[in-house]
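Visitor:
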Amino acid sequence: MNLTDRILMDISATTALVTGANRGFGRALARELLARGATVYAAARNPDLIDLPGARPLALDITDPASVAAAAATAGDVTLLVNNAGSSTGADLLTGDLDQIRLEMETHYLGTLSVVRAFAPVLERNGGGTILNVLSALSWFALPTDGAYVAAKAAEWGLTNSLRLTLAPAKIRVAGLHVGFMDTDMTRAVTAPKADPAQVAAYAVDHLAADAYEIVADDVSRDVRARLSGGVAALYPQLP
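Reminder that position 198 of the sequence shown reads as 198 in the UniProt record's numbering, one-by-one numbering, no gaps.
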């Protein structure tokens, strides 16, 4: 997409809430939004861990309905919701602990949905707005390991597509961000090339401002998306 062809949203006029903003990509995205003049609620299970000057720390555990409801009651001026909070247990679907597999679904799928259900009325009351779900290249592509994470991210992608249609009449845009490995605590054991979270954050905010529905932030994700139309053979050439 050529950003010069779009009328850009004024990021400086937005009030954003970023979940999982105490570290990693969530922190980088909250910092980028603050740098562009946005008002930012930086949400985390422990808001004392928020160290971003100018941010409004907010307690939020996306797997706790009471915590989600309290956050929505507090942050009633939000016009941009970023669902970034996540987990990565490394659980295998066949041999992994079922509690860890449930945690992945409770976080990425049901937790994200819970936050959207709580904040959609807030955005609608404020005249509409944008929701960004931080997805992954693994929303589209599976690895032999981390099956629980892959399944949860694929479910979150489906959720994103459905909510995009459901919330459009309320003037709420739902966007998805796809990216491969980023250099965060969550991927410290990964030896593959990793993107700089600050660069991905800047790219994501540029495309949010341009009202993009799908933000594909790195070459890994672009390659996977290009191979989707080729079916299983294109995605998994190692299969017989």
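All C-beta atoms, glycine included, are put in the ideal place defined by N, C-alpha and C. Note that the structure is a prediction, hence the values are computed from the model and not measured.
1. Can you tell me which of the three DSSP states A217 falls into?
2. Comparing C-alpha positions only, which one of Y149, A142, P121 sits nearest to Y109?
3. Counting contacts by CB-CB distance shorter than 7 Å, is E106 in contact with chain C?
4. So for P57, helix, strand or coil by DSSP?
5. What span of residues does the alpha helix (DSSP H) with H108 cover, start to end?
6. On the three-state DSSP scale, how would you describe Y41?
7. May I ask you to report which of helix, strand or coil DSSP gives A142?
8. Let me know if S87 comes out buried or exposed under the rule of 16 or more other beta-carbons within 10 Å of its beta-carbon.
9. Using a 10 Å radius around the Cβ and a threshold of 16 neighbouring Cβ atoms, would you call V232 buried or exposed?
10. Taking only the alpha-carbon atoms, compute the straight-line gap between V78 and V115 and give it to the nearest angstrom.
11. Just to confirm my understanding: we take T145, look at its own chain, exclude 5 residues before and 5 after, and list those with CB closer than 8 Å. What are they?
12. Should T4 go down as buried or exposed, given a rule of 16 or more other Cβ atoms within 10 Å for buried?
13. Kindly indicate which residue of G158, Q199, Y236 has the alpha-carbon position closest to the one of G24.
14. Thinking just about the alpha-carbon of each residue, which of G128, A42, N133, T63 is nearest to the one in N84?
15. Return the Cβ separation of L159 and L113 in integer angstroms, given the expectation that the two are a contact with Cβ distance under 8 Å.
16. Indicate whether the contact test is met: 3 or more Cβ pairs, each with one atom in the stretch 39 to 46 and one in the stretch 11 to 27, closer than 8 Å.
17. Note down the Cα distance separating K153 from G26, rounded to an integer number of angstroms.
18. Is the distance from the Cβ of V174 to the Cβ of R164 below 7 Å?
19. Compare the C-alpha of A62 against each of V82, I50, G76, G54 and name the closest.
20. Checking the sheet assignment: what are the DSSP bridge partners for T19?
21. Just to confirm, is the Cβ distance from P197 to M182 under 7 Å?
Guide: Answer, in terms of the structure:
1. The count along the sequence shown starts at 1 and reaches residue 217 at position 217. A217 falls in the coil class under three-state DSSP.
2. Counting from 1 along the sequence shown, the entry for residue 109 is found at position 109. Nearest of Y149, A142, P121 to Y109, Cα basis: Y149.
3. Although the question refers to chain C, the structure presented lacks it and comprises just one protein chain.
4. Locating residue 57 in the sequence shown gives position 57, where the first residue counts as 1. DSSP places P57 in strand when its eight states are reduced to three.
5. Position 108 of the sequence shown, counted from the first residue, corresponds to residue 108. Looking at the DSSP string, H108 is not in any alpha helix (DSSP H), and its letter there is neither H nor E.
6. Residue numbering aside, residue 41 sits at position 41 when the sequence shown is read from its first letter. Strand, per DSSP.
7. Your numbering for residue 142 matches position 142 in the sequence shown. Looking at A142 - three-state DSSP - the assignment turns out to be coil, as it is neither helix nor strand.
8. Within the sequence shown, the letter at position 87 stands for residue 87. It is buried - the Cβ of S87 has at least 16 other Cβ atoms within 10 Å.
9. For the purposes of this step, residue 232 is taken as residue 232 along the sequence shown, with counting starting at 1. Exposed.
10. Taking the first residue of the sequence shown as position 1, residue 78 is located at position 78. Taking the first residue of the sequence shown as position 1, residue 115 is located at position 115. Approximately 12 Å between the Cα atoms of the pair.
11. Translated into the one-based positions of the sequence shown, residue 145 becomes position 145. Within the same chain, T145 has close Cβ partners G90, D92.
12. To locate residue 4, count along the sequence shown from 1; it is residue 4. Confidence at T4 is low in this model, with a pLDDT of 42, below 50, so its placement is unreliable and the value that follows should be read with caution. The residue is exposed, with fewer than 16 neighbouring Cβ atoms inside 10 Å.
13. Locating residue 24 in the sequence shown gives position 24, where the first residue counts as 1. Checked all of G158, Q199, Y236; the closest Cα to G24 is Q199.
14. Taking the sequence shown and counting its residues from 1, the one referred to as residue 84 is at position 84. Nearest option by C-alpha distance: N133.
15. Numbered from 1 along the sequence shown, position 159 holds the residue referred to as residue 159. Numbered from 1 along the sequence shown, position 113 holds the residue referred to as residue 113. L159 to L113, Cβ: 6 Å. Contact.
16. yes
17. Mapped onto the sequence shown, residue 153 falls at position 153. Mapped onto the sequence shown, residue 26 falls at position 26. The alpha-carbon atoms of K153 and G26 are separated by roughly 17 Å.
18. Position 174 of the sequence shown holds residue 174. Position 164 of the sequence shown holds residue 164. Contact flag set, yes.
19. Against the sequence shown, residue 62 aligns to sequence position 62. A small correction: the amino acid at residue 62 is Ile; Ala does not occupy that position in the sequence shown. Selected option, being the one with the closest Cα: V82.
20. Counted from its first residue, the sequence shown places residue 19 at position 19. According to DSSP, T19 bridges with nothing at all.
21. For the purposes of this step, residue 197 is taken as the residue at position 197 of the sequence shown. For the purposes of this step, residue 182 is taken as the residue at position 182 of the sequence shown. Yes.
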